[in-house]
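If you count the sequence shown from 1, position 95 lands on 94 in numbering that gives the first Met the number 0, and the numbers rise without skipping.
No residue lacks a Cβ here, since even glycine has one placed at the ideal position from N, Cα and C.
A short worksheet on the structure shown next.
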Amino acid sequence: MTEIREGSDGWDQLVENLVNGGVLRSPRVIRAMKQAPRYCFLPERSIEYASMDTPLPIGRGQTVSAPHMVAIMNEALELRVGHRVLEVGAGCGWHAATIARVVAPEETPRTERGHVFTVEIVPELAKMARGNILRLGFGDRVTVIHGDGSLGLPDSSPYDRILVTAAAPEVPPPLVKQLKSGGILIIPIGGVHLFQSLTRLRKESNGSTIEEKLGGVAFVPLVGSFGHRI
Ligand code: SAM
Numbered sequence: 000m001t002e003i004r005e006g007s008d009g010w011d012q013l014v015e016n017l018v019n020g021g022v023l024r025s026p027r028v029i030r031a032m033k034q035a036p037r038y039c040f041l042p043e044r045s046i047e048y049a050s051m052d053t054p055l056p057i058g059r060g061q062t063v064s065a066p067h068m069v070a071i072m073n074e075a076l077e078l079r080v081g082h083r084v085l086e087v088g089a090g091c092g093w094h095a096a097t098i099a100r101v102v103a104p105e106e107t108p109r110t111e112r113g114h115v116f117t118v119e120i121v122p123e124l125a126k127m128a129r130g131n132i133l134r135l136g137f138g139d140r141v142t143v144i145h146g147d148g149s150l151g152l153p154d155s156s157p158y159d160r161i162l163v164t165a166a167a168p169e170v171p172p173p174l175v176k177q178l179k180s181g182g183i184l185i186i187p188i189g190g191v192h193l194f195q196s197l198t199r200l201r202k203e204s205n206g207s208t209i210e211e212k213l214g215g216v217a218f219v220p221l222v223g224s225f226g227h228r229i
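This is the structure:
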């Protein structure tokens, strides 16, 4: 297991900028961003750009999200200690690790910790994410699964929170089904690289959902059964 290297000036400055800009607000989410720096998860050729607030290539034509986007999504998810979270689109595993630091912090007894399940459809990326998660000591709090996350992960459902890190044409029905009553789902909805809105759904006790648009975004497309046909 490799120790997380905290304390890069560039990374600390980036987190500080996101705090000063009002993007990062919750102490637990801020701490998690500091304690799971993006550079630890990147392939060699992207590491030097880790502290730039942009998406970066992770191989197989995919990207890791920009830090401000991970911050926006983590704040919008209203994460709490103990939450069971499903992420669709593991990529390199970084976003899942930032969430694990919030829902399953080290100082919380194991029985009260939450868990992150993250699904990745590209086998090489699932392997990279799993390798990063194990190497950096998140293996007891994050499970990486290779598969089509547009179908959710029924065996481990229901989830308190679900996030999708790729843009879908519409909200995949299995994800709504696998969300707990009172749960929150965040998903970019829109076209392939165009006209996407970050969308937040809250599931009511009668199973209906209340939808909010949080702003325009640009994500890689969700593929698979409920994704784009590309
Ligand atoms: N969260 C990631 C990270 O921390 O690196 C970045 C995610 S990247 C923006 C979107 C990812 O979604 C890509 O790795 C892509 O292969 C994956 N993806 C697309 N469709 C998928 C699907 N149906 N199921 C699972 N993963 C999918």
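message = At a cut-off of 7 Å, would you count Gly151 as near the ligand SAM, judging by its Cβ distance to the nearest heavy atom?
response = Residue 151 sits at position 152 when you count from the first residue of the sequence shown. No.
ask   = Once you ignore the five residues that flank Met0 on each side, which residues in its own chain have a CB closer than 8 Å to its CB?
value = Mapped onto the sequence shown, residue 0 falls at position 1. Per-residue confidence for Met0 stands at a pLDDT of 49, beneath the threshold of 50, marking its modelled position as unreliable; no derived number is given.
message = Taking the straight line between their C-alpha atoms, what separation do you get for Tyr38 and Cys91?
response = As a working note, residue 38 is residue 39 in the sequence shown. As a working note, residue 91 is residue 92 in the sequence shown. Rounded to the nearest whole angstrom, the C-alpha separation of Tyr38 and Cys91 is 11 Å.
Leu85: CB within 7 Å of a non-hydrogen atom of the ligand SAM = Taking the sequence shown and counting its residues from 1, one reaches residue 85 at position 86. Judged by the Cβ position, Leu85 fails to qualify as a neighbour of the ligand SAM at the 7 Å threshold, every heavy atom of the ligand being at least this far.
request  = For the segment 181 to 223, list the beta strand (DSSP E) runs that are entirely contained and at least 3 residues long, ordered along the chain.
outcome  = Counting whole runs of 3 or more residues, the segment 181 to 223 contains the beta strand (DSSP E) stretches 195 to 202, 208 to 216.
query = Taking Cβ to Cβ, would you say Leu162 is nearer than 8 Å to Glu86?
reply = Here the question's residue 162 lines up with position 163 in the sequence shown. Here the question's residue 86 lines up with position 87 in the sequence shown. In contact: Leu162 and Glu86 (Cβ atoms closer than 8 Å).
ask   = Would you say the beta carbon of His192 comes nearer than 7 Å to a heavy atom of the ligand SAM?
value = Along the sequence shown, read from residue 1 onward, the residue named residue 192 stands at position 193. Remark: the shortest separation between the CB of His192 and any heavy atom of the ligand SAM does not fall under 7 Å.
ask   = Can Ala128 and Ala70 be called in contact, C-beta distance under 8 Å?
value = Residue mapping note: residue 128 aligns to position 129 of the sequence shown, counting from 1. Residue mapping note: residue 70 aligns to position 71 of the sequence shown, counting from 1. It is not a contact, given that the beta carbons lie outside the stated cut-off.
message = In this structure, how does DSSP classify Ile161 when only helix, strand and coil are distinguished?
response = Taking the first residue of the sequence shown as 1, we reach residue 161 at position 162. Strand.
Beta-bridge partners of Val143, as assigned by DSSP = Counting from one through the sequence shown, the residue named residue 143 turns up at place 144. Answer is Thr117.
task = Determine the closest residue to Glu211 out of Arg228, Thr97, Thr198, Pro171, with distance taken between C-alpha atoms.
result = Here residue 211 refers to the residue found at position 212 when the sequence shown is read from its first residue. Selection Arg228, Thr97, Thr198, Pro171 evaluated against Glu211 yields Thr198 as nearest (Cα-Cα).
query = Taking Asp159 as the reference, which of His114, Val121, Leu221 has the closest Cα?
reply = Reading the sequence shown from its first residue, position 160 is the one you call residue 159. Here the closest residue by C-alpha is His114.
ask   = Where does the unbroken beta strand (DSSP E) through Ile57 begin, and where does it stop?
value = By one-based count along the sequence shown, residue 57 stands at place 58. Where Ile57 is concerned, the enclosing beta strand (DSSP E) stretches over 55 to 58.
message = Check this for me: beta carbons of Ala165 and Ile188, under 8 Å apart or not?
response = Within the sequence shown, the letter at position 166 stands for residue 165. Within the sequence shown, the letter at position 189 stands for residue 188. No, Cβ-Cβ distance for Ala165 and Ile188 is not below 8 Å.
Closest Cα partner of Val28 within the set Ser64, Pro104, Leu124 = Along the sequence shown, one-based indexing puts residue 28 at 29. By alpha-carbon distance to Val28, the top candidate from Ser64, Pro104, Leu124 is Pro104.
query = Whole-angstrom Cβ separation of Val219 and Thr62, contact assumed at under 8 Å?
reply = The sequence position of residue 219 within the sequence shown is 220, counting from 1. The sequence position of residue 62 within the sequence shown is 63, counting from 1. Indeed they touch by this definition, with Cβ atoms about 6 Å apart.
inquiry  = DSSP has Gln61 in a bridge; who is on the other side?
reply    = Working through the sequence shown from its first residue, we reach residue 61 at position 62. Beta-bridge partners assigned by DSSP to Gln61: Gly58.
inquiry  = In chain order, what are the residue ranges of uninterrupted alpha helix (DSSP H) at least 4 long that sit wholly in the segment 12 to 54?
reply    = Here the runs fully enclosed are 26 to 34.
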